[in-house]
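In my numbering, the protein residues as written are 563 to 831.
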């Protein structure tokens, strides 16, 4: 097992083989590293309930990544526009949709670009998996909410999920994991450390694995750690009425000191 080896102080080399380099391409690694069965079982019923019955206007998966949720919702009868700025992610999503024989409308677009790539107003938008925070910039996150408001028809629903940064900041430095993953018979252990500096949250992603000896992989990213009051004010400016604040996908009420997530459900006025 990998974890006992780490605990006994076994060293890790920074070099990786060609096979490992291929595995660590960010889009593919993200796609592999998530327990999708558990995640989709948690997310899809709540999204379907929050967004309402499928309508003619369709819905947008904003920051769709590998489009796992989009495929599931398309199987439930929704017309889904899967939007992401990353062509790498979109290519993974296209392959997945083809394999599942579902029809998705893929658009390469940032949040700000969404109003310009649509054919008309939509019935709903969801932006989950901490994607809004991953913009890494307050102005981009704020403008994303404005863009979502522009894309929604009156009565359209907006669903946003980010982590509860206020709770994490109070416990800083905050660490998530470790988590074990088996890929093709090789165990990977990874964890994330969150450090707050100024208006930003810096995340270090550590992965340890065995590939002709113990190896490590380190990647850094930046999040914008928005809080409830900011989302509320941005929604008001964007013509969106906040209906619910949840602390997780069980739809429990949001508690700033205890909730793991911050989930917003809003309606376009």
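We treat Cβ as the ideally placed atom computed from N, Cα and C, and that holds for glycine.
Original post:
Which of the three DSSP states, helix, strand or coil, is assigned to residue 797?
Top reply: helix
**OP:** Measure the CB-CB distance between residue 706 and residue 694 and report whether it falls below 9 angstroms.
**Re:** yes
**OP:** Given a cut-off of 9 angstroms, decide if residue 652 and residue 668 are closer than it, judged by their beta-carbon atoms.
**Re:** yes
Subject >> residue 802 beta carbon less than 9 angstroms from that of residue 724 >> reply: no
Subject >> residue 613 versus 654, 627, 806, 737, residue with shortest Cα-Cα distance >> reply: 806
Original post:
residue 716 by DSSP, collapsed to three states: which one?
Top reply: Here residue 716 carries a strand assignment [DSSP, helix/strand/coil].
Subject >> Outcome for residue 605 when other beta-carbon atoms lying within 10 angstroms are tallied against a minimum of 16 >> reply: buried
**OP:** Could you say which of 666, 662, 710, 698 lies nearest to residue 677 if we only look at CA atoms?
**Re:** 710
Subject >> Where residue 634 falls, given that 16 or more other Cβ within 10 Å makes a residue buried >> reply: buried
Subject >> Terminal residues of the alpha helix (DSSP H) in which residue 632 lies >> reply: 630-637
**OP:** Identify, in the order they occur along the chain, each residue of the same chain with its Cβ nearer than 8 angstroms to the Cβ of residue 740, setting aside the five sequence neighbours on each side.
**Re:** 565, 751, 752, 753
**OP:** Give every residue of the same chain whose Cβ lies closer than 6 angstroms to the Cβ of residue 813, excluding the five residues on either side of it in the sequence, and list them in chain order.
**Re:** none
Original post:
Pairing CB atoms from the region 770-777 with CB atoms from the region 792-801, are three or more of them under 8 angstroms?
Top reply: Touching, no.
Original post:
Among residues of its own chain, excluding the 5 on either side of residue 766, which ones have a beta-carbon nearer than 6 angstroms to its beta-carbon?
Top reply: 755, 782
Subject >> residue 600 in three-state terms, based on DSSP >> reply: helix
Original post:
Out of 692, 769, 629, 712, which has the shortest C-alpha to C-alpha gap to residue 665?
Top reply: Selected option, being the one with the closest Cα: 629.
Original post:
Using CA coordinates, which residue listed in 688, 788, 822, 729 is at the minimum distance from residue 699?
Top reply: With respect to the C-alpha of residue 699, the residue from 688, 788, 822, 729 having the closest C-alpha is 788.
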